[in-house]
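One structure is given below, encoded as structure tokens.
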Amino acid sequence: MHELSITESLLELCEEYAQGKIVEEIHVKIGRLSGVEVSLLERSFETFKENSLLCKNAKFITHLQEIIVECEKCYFKGILENNIFWCPKCEDKNLKIIDGEELYLMQLVLKEE
């Protein structure tokens with residue numbers, strides 16, 4: 001389960017960016033093609049945040065990113081509804097993936113002092 005190592009890295013990153021402040025919310029963007037199981041990541045985070053002084057009460061908010069593609073033939077740019085990699089407009093197979101492959105830490109909400 002690579003979600004555990006992702007959780008550990010994410011908690012380390014949050015603590016580094018928080019600079020000693022308490023983290024109230026953590027927002028992450030997870031692409032459909034990232035290979036991350038959202039439910040497993042959420043459970044892993046809820047389990048291991050207890051070991052973090054700054055993140056132990058943080059709310060973990062996930063934003064699922066659709067697959068955004070651009071067709072190199074007809075220049076269609078939009079969401080790929082299914083994981084069928086041909087252009088929804090012209091059915092060409094030369095697609096460039098613009099978004100939806102990564103996992104990003106998007107935002108930290110820190111407690112006001």
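Residue 69 in the UniProt record's numbering sits at position 69 of the sequence shown, with consecutive numbering throughout. Cβ coordinates follow ideal geometry from the N, Cα and C atoms, glycine included. All values derive from a computational prediction rather than experimental measurement.
Per DSSP, cross-strand counterpart(s) of residue i
i: H63; result: K29
i: D99; result: I68
i: L110; result: V23
i: V105; result: Note that residue 105 is Leu in the sequence shown, not Val. Its beta-bridge partners are V28.
i: K77; result: E70
Residue i and residue j closer than 8 Å at C-beta
i: L64; j: A18; result: no
i: V23; j: T62; result: no
i: T7; j: L41; result: yes
i: L10; j: L95; result: no
i: S44; j: L4; result: yes
i: S52; j: E15; result: yes
i: E25; j: K56; result: no
Buried versus exposed, by CB contacts within 10 Å (16 or more), residue i
i: K49; result: buried
i: C71; result: buried
i: G31; result: buried
i: C74; result: exposed
For residue i, the nearest candidate out of the options (CA to CA)
i: F85; options: K93, L110, I26; result: K93
i: V109; options: L10, S9, K21, H2; result: K21
i: C90; options: R32, A58, T47, F76; result: F76
i: H2; options: G35, E16, L11; result: G35
i: E101; options: S5, E15, K29, L13; result: K29
i: L13; options: Q107, K59, R43; result: Q107
i: D99; options: E112, V69, P88, E81; result: V69
Min CB distance residue i to chain D below 8 Å
i: M106; result: Of the chains in the structure shown, none is chain D; there is only one protein chain.
Beta-carbon separation (whole angstroms), residue i vs residue j, contact threshold 8 Å
i: I97; j: I79; result: Rounded, the Cβ-Cβ distance is 12 Å, inconsistent with contact.
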